[in-house]
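Asks:
Numbering (my numbering), first residue to last: 1123 to 1355.
1. Below 8 Å on the Cβ atoms is my guess for residue 1306 versus residue 1215; work out the distance and round it to an integer in Å.
2. Classify residue 1341 as buried or exposed, calling it buried when 16 or more other Cβ atoms lie within 10 Å of its own Cβ.
3. Output yes or no for whether 8 Å exceeds the beta carbon distance between residue 1250 and residue 1176.
4. Using a threshold of 8 Å, state whether the C-beta atoms of residue 1263 and residue 1279 are closer than that.
5. Return helix, strand or coil for residue 1177, following the three-state DSSP convention.
6. Using alpha carbons as the reference points, say which of 1135, 1179, 1314, 1265 lies closest to residue 1226.
7. Output yes or no for whether 8 Å exceeds the beta carbon distance between residue 1212 and residue 1302.
8. Could you check whether residue 1257 and residue 1291 sit closer than 8 Å to each other, using their CB atoms as the reference points?
9. Is the separation between the beta-carbon of residue 1353 and that of residue 1321 shorter than 8 Å?
10. Hey, could you find the ends of the alpha helix (DSSP H) residue 1199 is sitting in?
11. Taking only the alpha-carbon atoms, compute the straight-line gap between residue 1208 and residue 1351 and give it to the nearest angstrom.
12. Kindly indicate which three-state DSSP category residue 1331 falls into: helix, strand or coil?
13. Please state whether DSSP places residue 1303 in a helix, a strand or coil.
14. Whole angstroms are fine: how far does the CA of residue 1154 sit from the CA of residue 1169?
15. So what does DSSP say about residue 1168, is it helix, strand or coil?
16. Decide if residue 1337 is buried, meaning its Cβ has at least 16 other Cβ atoms within 10 Å, or exposed.
17. On the premise that residue 1220 lies in contact with residue 1317, defined as a C-beta separation below 8 Å, what is that separation, rounded to the nearest angstrom?
18. Under 7 Å Cβ to Cβ from residue 1255, same chain only, skipping five residues before and after it: list those, please.
19. With a cut-off of 8 Å on the beta carbons, I'd call residue 1297 and residue 1203 a contact; round off their distance for me.
20. Which residue marks the beginning of the alpha helix (DSSP H) containing residue 1265, and which one marks its end?
21. With a floor of 4 residues, list each alpha helix (DSSP H) that falls wholly inside the region 1223-1252, ordered by position along the chain.
22. In three-state DSSP terms, what is residue 1320?
23. Using DSSP with H/G/I as helix, E/B as strand and the rest coil, what is residue 1340?
24. If you follow the alpha helix (DSSP H) that residue 1144 is part of, which residue opens it and which one closes it?
Listed below in structure tokens is the structure:
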């Protein structure tokens, strides 16, 4: 019976593929997509202002409130922060990922992997709280700025209307620093993986054809590694 079953699977590779992908796909469909669908359905209900309970009555009231002018500024700030953090992470991550993929020795690559993933071993909230202490008025950053005699520069930055605040920990600048730090590992690892798959022969062929290093990077390396940037975003 086992032999017949193995022969059946050998003659029908699609059955093997279905057996391998079926359980995880079913899990994703039920648990992940199902929860997102339930969240979408609940977005068309509303809360009773008196009892605080969900009223299961179809309405677009919540979406109308979301698109009010008072919320558009919040949405715009969120989009701008997400875009700026993504760009900053890509600019910082790409050189390090390129070094890890193309130049680092196996031993050095191991240590760099540890350094990149080490922050992920702690909780997200722990890292945010640690940065809150670092960026506080009495934190390390303020102490170092005072040591360099740059208090005026810091005060000028904090008084800027769009990015300032009462302290670094409460300003858009501080949020940008914290988010860039937190999401940086998630940008480095996909880019490094994408660069690992770029054959060195492609870059050598580009150089043999007379392309300068900048042109090779722009037209060969970057397009092939761009999926890693998208994955890290």
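For every residue, glycine included, the Cβ atom is placed at its ideal position computed from N, Cα and C.
From a predicted model like this one, the values you see are computed outputs, not experimental measurements.
Replies: To lay it out plainly:
1. The residue labelled residue 1306 in the question sits at position 184 within the chain shown. The residue labelled residue 1215 in the question sits at position 93 within the chain shown. Sure, about 6 Å apart at Cβ, within 8 Å.
2. Locating residue 1341 in the chain shown gives position 219, counting from the first residue. Per the 10 Å Cβ criterion, exposed.
3. Residue numbering aside, residue 1250 sits at position 128 when the chain shown is read from its first letter. Residue numbering aside, residue 1176 sits at position 54 when the chain shown is read from its first letter. No, the Cβ-Cβ distance between residue 1250 and residue 1176 is not below 8 Å.
4. Working through the chain shown from its first residue, we reach residue 1263 at position 141. Working through the chain shown from its first residue, we reach residue 1279 at position 157. No, the Cβ-Cβ distance between residue 1263 and residue 1279 is not below 8 Å.
5. Indexing the chain shown from 1 puts residue 1177 at position 55. If DSSP states are grouped into helix, strand and coil, residue 1177 belongs with the strands.
6. Taking the chain shown and counting its residues from 1, the one referred to as residue 1226 is at position 104. Here the closest residue by C-alpha is 1314.
7. Mapped onto the chain shown, residue 1212 falls at position 90. Mapped onto the chain shown, residue 1302 falls at position 180. Cβ atoms of residue 1212 and residue 1302: not closer than 8 Å.
8. Stepping through the chain shown from its first residue, residue 1291 is reached at position 169. Stepping through the chain shown from its first residue, residue 1257 is reached at position 135. Yes. Within cutoff.
9. As a position in the chain shown, residue 1353 is number 231, starting the count at 1. As a position in the chain shown, residue 1321 is number 199, starting the count at 1. Not in contact: residue 1353 and residue 1321 (Cβ atoms no closer than 8 Å).
10. As a working note, residue 1199 is residue 77 in the chain shown. Taken as a continuous stretch (DSSP letters only), the alpha helix (DSSP H) holding residue 1199 covers 1191-1224.
11. In the chain shown, the residue the question calls residue 1208 occupies position 86. In the chain shown, the residue the question calls residue 1351 occupies position 229. Spanning the two alpha carbons is a distance of roughly 9 Å.
12. Within the chain shown, residue 1331 is the residue found at index 209, counting from 1. In the structure shown, residue 1331 sits in coil (DSSP, three-state: anything other than H, G, I, E or B).
13. Position 181 of the chain shown holds residue 1303. Looking at residue 1303 - three-state DSSP - the assignment turns out to be helix.
14. The sequence position of residue 1169 within the chain shown is 47, counting from 1. The sequence position of residue 1154 within the chain shown is 32, counting from 1. Between residue 1169 and residue 1154, the C-alpha separation is close to 25 Å.
15. Mapped onto the chain shown, residue 1168 falls at position 46. In the structure shown, residue 1168 sits in a strand (DSSP, three-state: E or B).
16. The residue labelled residue 1337 in the question sits at position 215 within the chain shown. By the neighbour-count criterion, in which a residue is buried when 16 or more other Cβ atoms sit within 10 angstroms of its Cβ, residue 1337 is exposed.
17. Residue numbering aside, residue 1317 sits at position 195 when the chain shown is read from its first letter. Residue numbering aside, residue 1220 sits at position 98 when the chain shown is read from its first letter. Contact holds; Cβ gap of about 6 Å.
18. Here residue 1255 refers to the residue found at position 133 when the chain shown is read from its first residue. Closer than 7 Å at the Cβ level, and outside the excluded window around residue 1255, lie 1261.
19. As a position in the chain shown, residue 1297 is number 175, starting the count at 1. As a position in the chain shown, residue 1203 is number 81, starting the count at 1. With a Cβ gap of about 7 Å, residue 1297 and residue 1203 count as contacting.
20. As a working note, residue 1265 is residue 143 in the chain shown. Looking at the DSSP string, the run of the alpha helix (DSSP H) that includes residue 1265 is 1262-1270.
21. 1228-1239
22. On the chain shown, position 198 is the one that residue 1320 refers to. The answer is coil: DSSP assigns residue 1320 none of H, G, I, E or B.
23. As a working note, residue 1340 is residue 218 in the chain shown. Three-state result, residue 1340: helix.
24. Counted from its first residue, the chain shown places residue 1144 at position 22. Unbroken alpha helix (DSSP H) run through residue 1144: 1135-1149.
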